[in-house]
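Below is one structure, written out as structure tokens, with a few remarks after it.
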Amino acid sequence: MSDKKLKKIKSGFLNRSLSMTKVALQSGASIAANSLKHALSDKDTKKSSFKALLEVQAHRLAKELGQLKGSLMKVGQMLALYGEHFFPEEVVTALKSLNESSPPLNWESLEPIIRKRFTEEQLAQLDIEEEALAAASMGQVHLATIKETGERICVKVQYPGVANAIDSDVKTLRSLLAMFKVLPTHNEGFEAMFKEINAVLKQEMDYTRELKYTDQMASMLEGQQDYIVPRTFPEFSGPKIISTSYEQGVNLDSPEVARLSGDRRSYLGQAFAKLFLEELFVHHHVQTDPHFGNYKVRLNQDGSDQIILLDFGALRKFSKTFVGHYRTLLTGAMLNDKEMCIAGAKAVGFLKDSDGPELLNCFMDLASLAVEPWLPLDDPRTNHDLLDENNRYRWGESELPNRITKKATEYALTFKLRPPPREVIFLDRKIGGVFIILKTLDARFDAWDMIKPYLDQ
0 MSDKKLKKIK
10 SGFLNRSLSM
20 TKVALQSGAS
30 IAANSLKHAL
40 SDKDTKKSSF
50 KALLEVQAHR
60 LAKELGQLKG
70 SLMKVGQMLA
80 LYGEHFFPEE
90 VVTALKSLNE
100 SSPPLNWESL
110 EPIIRKRFTE
120 EQLAQLDIEE
130 EALAAASMGQ
140 VHLATIKETG
150 ERICVKVQYP
160 GVANAIDSDV
170 KTLRSLLAMF
180 KVLPTHNEGF
190 EAMFKEINAV
200 LKQEMDYTRE
210 LKYTDQMASM
220 LEGQQDYIVP
230 RTFPEFSGPK
240 IISTSYEQGV
250 NLDSPEVARL
260 SGDRRSYLGQ
270 AFAKLFLEEL
280 FVHHHVQTDP
290 HFGNYKVRLN
300 QDGSDQIILL
310 DFGALRKFSK
320 TFVGHYRTLL
330 TGAMLNDKEM
340 CIAGAKAVGF
350 LKDSDGPELL
360 NCFMDLASLA
370 VEPWLPLDDP
380 RTNHDLLDEN
390 NRYRWGESEL
400 PNRITKKATE
410 YALTFKLRPP
420 PREVIFLDRK
430 IGGVFIILKT
440 LDARFDAWDM
450 IKPYLDQ
């Protein structure tokens, strides 16, 4: 985590509005000056100049979002994950920087917040460490010790005012991106996407709900030794503060994990992939925030390493009907059955009955490509260049997301830009996150044998 600490959070509407207005005025002036400067330039010169300008303005925006924290920063993180489908590369790169370590609020500023969140009786039972264990966009975590038992717990404290700023933050960022000319000014699909983001952010602000879902996830995974879900402490929790057991582990991208044998890393990769399949197809509840900070790895001497699951504020419930349609889409893509895949895609909302044959063919191409790692060995579409000597898919060497994005970008030049269905937005976010995790672990395993039982359901 960064050594830099913030002295305060700009939680007030006026402060946040002024910060974003400053960015808007600076960016607007730069865009206007650029347009005037290149008014008589040829098309390629204008395009090159605007790309360079956009890169500067996008990084300026990302820097301001990181300082403001709250929902502005969180929306930026969300858009970075699936924005590759419709944002310019310069914007995506800048927004991805928000996924890096976020500076915490210093103790002098946080202590009054903790005293407001806890009663004097609760505080008397705890020794809270002043140094933050972790910091994010909406709050930060501090280690504490329960004096009576000596047990160490994690206390997550929500920053003041961030919940109240969500509506204005989302609206402000939506308008700013439109000014950058990277989003359509009038598009019902994109408006629905931002409404969905707004609803999810408000959901993540309810720590009482998160405590409930943490307990639910622990129940879902009871008896499965590959996963550890922290215990909750309702007596030290509330709407804006949540306490859980401290679970010792290392980061996914730590040197300790990188030094593990290929088999141990592959085992962890399989556990991550299986967890997602269980969440979606068995329990219909998916933790849709795959940020690396939400996972730790407990390394055991006997090699039975475990995944520690953290933060269930983004747990989302999917209806049985939706999961059934999504299974149809996926099964069709896996079996290269165009009719089945298209039927599932229409039921989910990816496609419309009015879509023409050319668009349907393009969607089938994308879906067929997306399932590449999960195909059986005898499928003619299997990418043998990415199989190891034991015919296991080498996730670490795959550039599949880049290939999908390239193909999708080519199709976007022909067809009208359309955002994904609202239910799929955060599901795609999780799938992309799982892929990155498997790539980071350089996992190798036969995914077809893993996924087939879930498709057969």
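Residue 77 in numbering that gives the first Met the number 0 sits at position 78 of the sequence shown, and the numbers go up by one each step. Note that CB positions come from ideal geometry on N, CA and C, so glycine has one too. These numbers were taken from a predicted model, which means no experiment stands behind them.
Best match in the options for proximity to residue i [C-alpha to C-alpha]
i, options, result
"F235", "D252, T207, S218", "T207"
"R297", "L385, T287, D214, L308", "L308"
"L368", "K337, L274, K155", "K337"
"G292", "D301, E110, N250", "N250"
"E150", "K194, V199, S242", "S242"
"D166", "D252, K201, I145, D262", "K201"
"A257", "G355, G343, H383, G395", "G395"
"K146", "F317, N163, G431, E120", "E120"
"M204", "L259, T144, L220, S136", "S136"
"F425", "F193, S108, G302", "F193"
"I240", "L440, L122, A407", "L122"
"Q139", "W106, L125, Q300", "W106"
"R315", "Q300, R428, R393", "R428"
"S108", "L125, A131, D126, Q124", "A131"
"N335", "T144, N163, M363", "M363"
"T327", "A342, F317, K319, S318", "A342"
"R421", "E190, V154, W447", "E190"
"A272", "D378, T408, P372, K155", "P372"
"L329", "A164, W447, N163", "W447"
Simplified DSSP state of residue i, which is helix, strand or coil
i, result
"G237", "strand"
"H290", "coil"
"L329", "helix"
"D252", "coil"
"E409", "helix"
"G138", "strand"
"S174", "helix"
"T148", "coil"
"Y245", "coil"
"F444", "strand"
"D126", "strand"
"A133", "strand"
"T439", "helix"
"Y158", "coil"
"K319", "helix"
"K351", "coil"
"Q269", "helix"
"H283", "coil"
"V433", "helix"
"T231", "strand"
6 Å Cβ shell around residue i - same chain, five flanking residues per side excluded
i, result
"E128", "H141, L142"
"C361", "Y410"
"E246", "I227, P229, I307"
"L125", "A143"
"N462", "The displayed coordinates of the chain run from 0 to 456. Any statement about residue 462 would go beyond what the structure contains."
"F317", "H283"
Presumed contact (8 Å Cβ cut-off) between residue i and residue j, rounded CB distance
i, j, result
"R380", "L374", "6 Å"
"A332", "C340", "5 Å"
"P419", "F349", "7 Å"
"F280", "Q456", "6 Å"
"R393", "G261", "No, R393 and G261 are not in contact; Cβ-Cβ is about 10 Å, not under 8 Å."
"L365", "K405", "Incorrect: roughly 11 Å between the Cβ atoms, too far for contact."
"R263", "G302", "6 Å"
"G248", "K295", "3 Å"
Beta-carbon proximity list for residue i, same chain, < 8 Å, skipping 5 on both sides
i, result
"N390", "L376, D445"
"L276", "M449, I450, Y453"
"I430", "F275"
Any non-hydrogen atom of the ligand MG closer than 8 Å to residue i Cβ
i, result
"P102", "Within the structure as shown, the ligand MG is missing, as the structure has no ligands at all."
Same chain, Cβ closer than 7 Å to residue i, neighbours up to 5 away in sequence not counted
i, result
"D225", "A270, Q305, I306"
"S244", "I152, P229, R230"
"D352", "K345"
"G355", "none"
Chain C contact for residue i (CB, 9 Å cutoff)
i, result
"S236", "The structure shown contains no chain C, having only a single protein chain."
Looking at C-beta atoms only, is the number of pairs between the segment 197–215 and the segment 223–240 that lie closer than 8 Å three or more? yes
Three or more C-beta pairs under 8 Å: does that hold for the segment 428–446 against the segment 392–411? yes
The segment 265–276 contacting the segment 436–454, beta-carbon criterion three pairs below 8 Å: yes
Exercise for the section: Could you tell me whether the segment 275–286 touches the segment 302–319, where touching means 3 or more Cβ pairs closer than 8 Å? Expected result: yes
Check your understanding: Are three or more beta carbon pairs between the segment 107–119 and the segment 153–165 nearer than 8 Å?
Key -> yes
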